[in-house]
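Engineer: Can you keep this structure in mind? I'll have questions shortly.
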Amino acid sequence: MHFTNGSWFRSTLFIFVLFYSNFCVSFDADILSKVANTSTWNRLIHGWEGKAQITDSSFLLSSGQFSPSLELEKTLALIQSDLTAAYCRFPARVTFLASELKFTLPEELMAQCGELKRFIEFVPFQKLELVFSSEVTSSASSMMGHIFLKASGHNSGGSEVAHSLAYFTEIKTLNPLKLMYQSLISGMEGYFLVRPFYKDVIQYKENEQRNLWQFELDADPDAIKLLQLHLWELKEVDITYYFQSFNCATLTLEMLALLKPDVLLERSLFVSPVDVVKAALNKDLVKSTNIDTSDTWLFAALIDVMDVDAVKNIRKIAENPEHWQASLNAETSDLEVEFAQVLFRHTLDQQLEPLTAHQLEIKAWQESLSGSRFDFSRYKHPALTPQDSAIGLKYIGNDENGTINFSFLGSGHYLFGDNRQYLSESELIILKANVEYELNKQSWDLDELTLYSMKSYLAGNDISPVLSSELYLGYRTSYDDLLDSHAALEFSGAIGKSYRIHRDILSYSLLGAGLAADLSMLNSFYQVKTGLIANLVYDLKLIVEAEHNSGKLRHTSSQNTLSFGLNWYPSQDISISFFAQSLHGTQQQKSILSLELNHYF
């Protein structure tokens, strides 16, 4: 039985008759057309804007000639030919169609699907949570965080269990150009995985020191059941992962749309893990929030809120861990006890020798204390970060000319942006284009095309002596000895240290090297930079930086640059920045002033 998309839905007289067992039901074309265009049906088949996002023929029955209507036709045909086979392969589709088209499914259907039945019994969905694993900007695989679902409850044996349900890809190359091509154009192999949640706690919280934000979802039980059945449909399906269009966040957002369709109103040009968190919160899908903090994050958070003298006192106690229990008396504040617990855990983790009897006693005492006494659910919250795409307008004035720049940021955030909700000052740029219009010459030019840029200025502390780093790959402006600008391809990196001078003041110093090239030359260079970042009152941020480089362009002498930036954040998704630069070459000196407006969306 076959119907073309056009003839099937244009014919208002067409009647679809479905037989199975001793049951017969019929539907006219108008009803089927409405079903094919529902949000739920399109989420179950993962169609978007008329295109199939999952093309594996074991999942998409209309693969090669996809349309929501044709997929519905073929699904109904499968139901007609073998209801049991249809239900065992597509339980969510069959359940949804039975509800929409008002036909009853035999009660024994589930019992005839052995693997599906075991999945339902051993992966309970009595509680469903959205989990956000916080970002690590310096890691290519973790630079925007990760988002997945967590299902928990009592299994058929009565045991309390929790499982992660996640879509991800594996990075198998260190070549940045190859990685860019695979993730944006050719696609990468995607995996949909169901595994015990404790394994993600070990991987993200303990090994990678990332927070796990857990948002309990408030949804209709029937919708949660439909989602549970749909996740079964994705098992062993070949799913192509595209960074910009079908990533872990895209698929998770579509999962949430099965619970509440209007979360898809939050779908934008690029969907990031944080976007999914914001969508769930904005559409009142979240019942409660819990954060499972890593020790690195908790340590930094406690230092932020503790008195300086209290921090010094606990650090002094930590120098003699054998007497911690006695030193932490009734007058010790909860903050100090929490801080001491973090330091103690770190001490035990670093110790290679077996614990002494006294250390085991202290460990038992420490573990007898309750978990975190404080609610960090509003501290550095992912939903309070600006959106991760941006358009910008900038006026640049120098000694000779004025230009107007128009910029587009595909995904990420700027160092000069509002980073107060991140653990550290950082920058992540994934595809940024900047074109400039020279007012005197009345001409357009491509000023910058950044493929990837990362800056991570995480200050080390007692339990995490991390390094700061930078990496750049793209096309941007450099200067010759006369300080005339020339755009060139650049690949560069730097490494160094950052220090927290005050809870609102960070300093950093880095040493780096790189290559710059145009059509006629390739040049190596080194650079040294040091800077200071201060978050001020009235939503202001100051950045001061001094840089020395050996000359990025061939036959160019060394240059020094002093930069000043004052940034204001009138709202979460708006930034206004004033920049001043003083360039010093061997032959010339140049000053540049600019004013920039960015809107994040």
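Position one of the sequence shown corresponds to residue 1 (UniProt numbering), numbered consecutively onward.
Ideal placement from N, C-alpha and C gives every residue a C-beta, glycine not left out.
Quick caveat: nothing in here was measured; it's all calculated off a predicted structure.
1) Thinking C-alpha only, which one of Asn560, Ser469, Leu536 is nearest Glu545?
2) Relative to the C-alpha of Phe270, which candidate in Leu251, Val286, Leu258, Leu483 has its C-alpha closest?
3) Going by beta carbon distance, what residues of the same chain come within less than 7 angstroms of Glu135, once the five residues before and after it are set aside?
4) Exposed or buried, what is Glu108 when buried is set at 16 or more other beta-carbons lying within 10 Å of its beta-carbon?
5) What's the gap between the Cα of Glu189 and the Cα of Leu179?
6) Going by other Cβ atoms of all chains shown within 10 Å of its Cβ, with 16 needed for buried, is Tyr538 buried or exposed?
7) What is the C-beta distance between Lys394 and Gln421, in whole angstroms, given that I count them as a contact (C-beta under 8 angstroms)?
8) Per DSSP, which one or two residues make a beta bridge with Phe408?
9) Between the Cα of Ser577 and the Cα atoms of Leu542, Arg118, Gln588, Lys316, which residue gives the shortest distance?
10) Which one of Phe601, Gly157, Glu73 has the shortest CA to CA distance from Asp28?
11) Would Asn567 be called buried (16 or more neighbouring beta carbons within 10 Å of its own) or exposed?
12) Let me make sure I understand the geometry here. Which of His548, Phe601, Gly402 has the alpha-carbon closest to that of Leu595?
13) Give the single residue among Asn207, Val201, Val466, Leu449 whose Cα lies nearest to the Cα of Tyr457.
14) From Gly551 to Asp447, what does the alpha carbon distance come to, in whole angstroms?
15) Considering Thr561, what are the terminal residues of the beta strand (DSSP E) in which it resides?
16) Leaving out the 5 sequence neighbours to the left and right, which residues in its chain are closer than 6 angstroms to Ile45 when beta-carbon positions are compared?
17) Whole angstroms is fine: what's the gap from Asn549's alpha carbon to Ser558's?
18) Please name the residue, chosen from Gly392, Ile314, Thr293, Gly412, that lies closest to Arg378 on a Cα-to-Cα basis.
19) Assign Ile495 to buried or exposed, taking buried as 16 or more other Cβ atoms, counted over all protein chains shown, within 10 Å of its Cβ.
20) Is there contact between the stretch 73-85 and the stretch 246-260, where contact requires at least three CB pairs shorter than 8 angstroms?
21) Quick one: Cα of Leu193 to Cα of Val35, how far?
22) In the DSSP assignment, find the beta strand (DSSP E) that holds Asn598 and state where it starts and stops.
23) Taking Gly514 as the reference, give the member of Thr385, His555, Gln527 with the closest Cα.
24) So, at 6 angstroms on beta carbons, what are the nonlocal neighbours of Ile120 in its own chain, with the 5 sequence-adjacent residues on each side left out?
25) If you check the beta carbons only, do Gln387 and Phe564 fall under 8 angstroms apart?
26) So if DSSP puts Thr240 in a beta bridge, which residue, or which two residues, is it bridged to?
27) So if DSSP puts Glu108 in a beta bridge, which residue, or which two residues, is it bridged to?
28) Which two residues bound the contiguous beta strand (DSSP E) that contains Ile495?
29) Please work out which residues of its chain come closer than 6 angstroms, Cβ to Cβ, to Phe90, disregarding the five sequence neighbours upstream and downstream, and give them in chain order.
30) Taking 8 angstroms as the threshold (C-beta atoms), are Leu130 and Ser277 in contact?
31) Mind checking whether Gly412 and Ile391 have CB atoms under 8 angstroms apart?
32) Spell out a yes or no on whether the stretch 297-317 and the stretch 213-230 are touching, meaning 3 or more CB-CB pairs, one atom from each, closer than 8 angstroms.
33) If you scan the stretch 144-195 from start to end, which runs of the alpha helix (DSSP H) of 4 or more residues do you find wholly inside it?
34) If you count every other CB in all the chains shown that lies within 10 Å of the CB of Ala279, and 16 or more means buried, which is it?
35) Would you report the Cα separation of Leu431 and His486, rounded to the nearest angstrom?
36) Evaluate Ile239 with the Cβ neighbour count: other Cβ atoms within 10 Å of its Cβ, from every protein chain shown; 16 or more gives buried, anything less gives exposed.
Structural biologist: Looking at the coordinates:
1) Locating residue 545 in the sequence shown gives position 545, where the first residue counts as 1. Glu545 has its Cα closest to that of Asn560, out of Asn560, Ser469, Leu536.
2) Taking the sequence shown and counting its residues from 1, one reaches residue 270 at position 270. Checking every option, the nearest Cα to that of Phe270 belongs to Leu251.
3) Taking the first residue of the sequence shown as 1, we reach residue 135 at position 135. The residues are Ser142, Met143, Met144, Gly145.
4) As a working mapping, residue 108 is identified with position 108 in the sequence shown. Result: exposed.
5) Translated into positions along the sequence shown, residue 189 becomes position 189. Translated into positions along the sequence shown, residue 179 becomes position 179. Those two C-alpha atoms are separated by around 12 angstroms.
6) Start at 1 with the first residue of the sequence shown, and residue 538 comes out as number 538. With fewer than 16 other Cβ atoms within 10 Å, it is exposed.
7) Within the sequence shown, numbered from 1, the residue matching residue 394 stands at position 394. Within the sequence shown, numbered from 1, the residue matching residue 421 stands at position 421. Incorrect: roughly 24 angstroms between the Cβ atoms, too far for contact.
8) Here residue 408 is taken as the residue at index 408 of the sequence shown, counted from 1. Its beta-bridge partners are Ile391, Ala433.
9) Locating residue 577 in the sequence shown gives position 577, counting from the first residue. Comparing Cα positions, the closest option is Leu542.
10) As a first step, residue 28 must be located in the sequence shown, where it is residue number 28. Closest by alpha carbon: Glu73.
11) Reading the sequence shown from its first residue, position 567 is the one you call residue 567. The residue is buried, with at least 16 neighbouring Cβ atoms inside 10 Å.
12) Against the sequence shown, residue 595 aligns to sequence position 595. Among His548, Phe601, Gly402, the Cα nearest to that of Leu595 belongs to Gly402.
13) One-based indexing of the sequence shown puts residue 457 at position 457. Closest option to Tyr457, Cα to Cα, is Val466.
14) Walking along the sequence shown from the start, residue 551 turns up at place 551. Walking along the sequence shown from the start, residue 447 turns up at place 447. So the two alpha carbons sit approximately 19 angstroms from each other.
15) The residue given as residue 561 occupies position 561 in the sequence shown. Start and end: 559-571.
16) Residue 45 sits at position 45 when you count from the first residue of the sequence shown. Glu71, listed in sequence order.
17) Residue mapping note: residue 549 aligns to position 549 of the sequence shown, counting from 1. Residue mapping note: residue 558 aligns to position 558 of the sequence shown, counting from 1. So the alpha carbons of these two residues sit roughly 6 angstroms apart.
18) As a working mapping, residue 378 is identified with position 378 in the sequence shown. Nearest of Gly392, Ile314, Thr293, Gly412 to Arg378, Cα basis: Thr293.
19) Here residue 495 refers to the residue found at position 495 of the sequence shown. Exposed, because fewer than 16 other Cβ atoms sit within 10 Å of the Cβ of Ile495.
20) no
21) Counting from one through the sequence shown, the residue named residue 193 turns up at place 193. Counting from one through the sequence shown, the residue named residue 35 turns up at place 35. Cα to Cα, the separation comes out at about 30 angstroms.
22) The count along the sequence shown starts at 1 and reaches residue 598 at position 598. 589-600 is the span of the beta strand (DSSP E), which, as asked, contains Asn598.
23) Position 514 of the sequence shown, counted from the start, is the residue given in the question as residue 514. The shortest Cα separation from Gly514 among Thr385, His555, Gln527 belongs to Gln527.
24) On the sequence shown, residue 120 is found 120 positions in, with the first residue counted as 1. Taken in chain order, the list of residues that qualify is empty.
25) As a working mapping, residue 387 is identified with position 387 in the sequence shown. As a working mapping, residue 564 is identified with position 564 in the sequence shown. Not a contact, by the Cβ cut-off of 8 angstroms.
26) Reading the sequence shown from its first residue, position 240 is the one you call residue 240. For Thr240, which the question treats as bridged, DSSP gives the partners Glu189.
27) Your numbering for residue 108 matches position 108 in the sequence shown. None, per the DSSP bridge assignment.
28) Residue numbering aside, residue 495 sits at position 495 when the sequence shown is read from its first letter. Counting along the chain, the beta strand (DSSP E) containing Ile495 begins and ends at 485-502.
29) Here residue 90 refers to the residue found at position 90 when the sequence shown is read from its first residue. For Phe90, where only same-chain residues beyond five positions count, the Cβ hits under 6 angstroms are Glu233.
30) For the purposes of this step, residue 277 is taken as the residue at position 277 of the sequence shown. For the purposes of this step, residue 130 is taken as the residue at position 130 of the sequence shown. The identity of residue 277 in the sequence shown is Val, whereas the question assumes Ser. Yes. Within cutoff.
31) Taking the first residue of the sequence shown as 1, we reach residue 412 at position 412. Taking the first residue of the sequence shown as 1, we reach residue 391 at position 391. Contact: no.
32) no
33) 176-181
34) Your numbering for residue 279 matches position 279 in the sequence shown. Its Cβ being crowded by 16 or more others within 10 Å, Ala279 is buried.
35) By one-based count along the sequence shown, residue 431 stands at place 431. By one-based count along the sequence shown, residue 486 stands at place 486. Their Cα atoms are separated by approximately 20 angstroms.
36) As a first step, residue 239 is located in the sequence shown; it is residue number 239 there, counting from the start. Burial call: buried.
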